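Colleague:
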Amino acid sequence: MPGHSSDNLSGHRPIPHHVAIIMDGNGRWAGQRNLPRIAGHEAGTENIRRVTIRAAELGVRYLTLWAFSTENWRRPADEVEGILRILGETLPTETEELNRHGARLHHIGTLEGLSAPLVAGIKHAMELTQDNTAITLTLAFNYGGRDEIVRAVRRMLADGIDPDGVDEALIDRYLYTAGMPDPDLIIRTSGEMRTSNFMLWQSAFAEYHFTTKFWPEFSPDDLEAAVEDYQTRERRFGGLVSSEASEPKRR
Ligand code: IPE
Ligand code: IPE
Ligand code: MG
1061 MPGHSSDNLS GHRPIPHHVA IIMDGNGRWA GQRNLPRIAG HEAGTENIRR
1111 VTIRAAELGV RYLTLWAFST ENWRRPADEV EGILRILGET LPTETEELNR
1161 HGARLHHIGT LEGLSAPLVA GIKHAMELTQ DNTAITLTLA FNYGGRDEIV
1211 RAVRRMLADG IDPDGVDEAL IDRYLYTAGM PDPDLIIRTS GEMRTSNFML
1261 WQSAFAEYHF TTKFWPEFSP DDLEAAVEDY QTRERRFGGL VSSEASEPKR
1311 R
């Protein structure tokens, strides 16, 4: 954003390298306004671009947004269909827009169960933006932490991995997030204080920030406030030194 100043975030305090957001509260946001739940999903999707742009401006290198969980299939069919339709409709225009801002798009989760056009749209977005460097925006869609681990174990067994060869770095490489840093900061909107099966392995040393704002009303300034909250935390990674230098390096 031209002219935007983030002076309050400058100085020696670290900007989280990877921020992940559990974008919750679309339905309640709509309910408060006497709108159908699907209008909340539309408003929530609309909100992605401005938050992503601010994240890039703040110096966040990876932003991961959870949009649909493997458990969300349990919802009524019309809501699930609506969410899938919104993603399919929004992806082409948002991909263009985010591409203009230099964002690299990535997806984690399974493409199984998604329609062929949607899968093609996701793949196109990743290919089009693969050389961009402003920020990596990862959409966690049809993502569940336990599902991710089950699929990783299956692939390890199928690859004939020797049990003695299994270590933390190997597991990292079999997860959807292979090659990505672990999240430093996980934000959940809407007042719920649970992970609901998000990044179970990767969140081991993440800092959490909870806000009662519903996702459609979570603003770029709210993101900045969450980063400021993060900057007050003392991360120790099991050690005694309050420094990122003590972070266990698994990759
Ligand atoms: C988050 O908003 C989006 C999805 C989980 C798909 P919700 O749809 O969960 O909204 P609430 O929690 O019911 O308000
Ligand atoms: C988690 O929210 C999933 C996403 C935000 C995409 P849910 O609304 O599905 O989680 P629960 O059901 O409240 O645990
Ligand atoms: Mg919810």
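For the sequence shown, the numbering used here gives the first residue as 1061, with consecutive numbering after it. Glycine included, every Cβ here is placed at the ideal spot set by N, Cα and C. Note that the coordinates shown come from a computational prediction; the quantities given were computed from them, not determined experimentally.
#1: Would you identify the three-state DSSP class for His1064, choosing helix, strand or coil?
#2: Taking all protein chains shown into account, do 16 or more other C-beta atoms lie within 10 angstroms of the C-beta of Ser1065, making it buried, or fewer, making it exposed?
#3: With distances taken Cα to Cα, identify the nearest neighbour of Ile1195 among Leu1188, Gln1262, Ala1115 and Ala1176.
#4: For Ile1082, is the beta carbon positioned less than 7 Å from some heavy atom of ligand 2?
#5: What is the rounded straight-line gap between the Cα of Arg1248 and the Cα of Ala1218?
#6: Exposed or buried, Asp1067, counting other C-beta atoms within 10 Å across all chains shown (16 or more means buried)?
#7: Among residues of its own chain, excluding the 5 on either side of His1078, which ones have a beta-carbon nearer than 6 Å to its beta-carbon?
#8: Taking a contact to mean a Cβ-Cβ separation below 8 Å, would you say Gly1205 touches Met1259 in this structure?
#9: The beta strand (DSSP E) with Arg1248 in it runs from where to where?
#10: Please determine, among Glu1131, Asp1138 and His1167, the residue with the shortest C-alpha to C-alpha distance to Thr1124.
#11: Give me the Cβ distance between Trp1089 and Phe1274, rounded to the nearest whole Å; I'm assuming they're in contact under 8 Å.
#12: Might you give, ordered along the chain, the residues of its own chain that have their beta carbon closer than 7 Å to the beta carbon of Ile1143, omitting 5 neighbours on each side?
#13: For Arg1134, name the three-state secondary structure that DSSP assigns.
Modeller: Working from what's here:
#1: Legend: pLDDT at His1064 = 47, less than 50; position of this residue unreliable, value from coordinates given subsequently. His1064 falls in the coil class under three-state DSSP.
#2: At Ser1065 the pLDDT is 44, less than 50, meaning the model places this residue with poor confidence; the figure from the coordinates comes in the next sentence. Its Cβ having fewer than 16 others within 10 Å, Ser1065 is exposed.
#3: Ala1115
#4: Answer for Ile1082: yes, Cβ within range of ligand 2.
#5: 35 Å
#6: A caution first: Asp1067 carries a pLDDT of 48, below 50, which makes its placement in the model unreliable, though a value can still be read off. Counting C-beta atoms within 10 angstroms of its own C-beta, Asp1067 has fewer than 16 neighbours from the protein chains shown and is therefore classed as exposed.
#7: Tyr1122, Pro1241, Pro1243 and Asp1244
#8: Result yes, Cβ atoms of Gly1205 and Met1259 sit closer than 8 Å.
#9: Leu1245 to Arg1248
#10: Ranking Glu1131, Asp1138 and His1167 by Cα distance to Thr1124 puts His1167 first.
#11: The C-beta distance from Trp1089 to Phe1274 rounds to 4 Å, short enough to fall under 8 Å.
#12: His1101 and Phe1128
#13: helix
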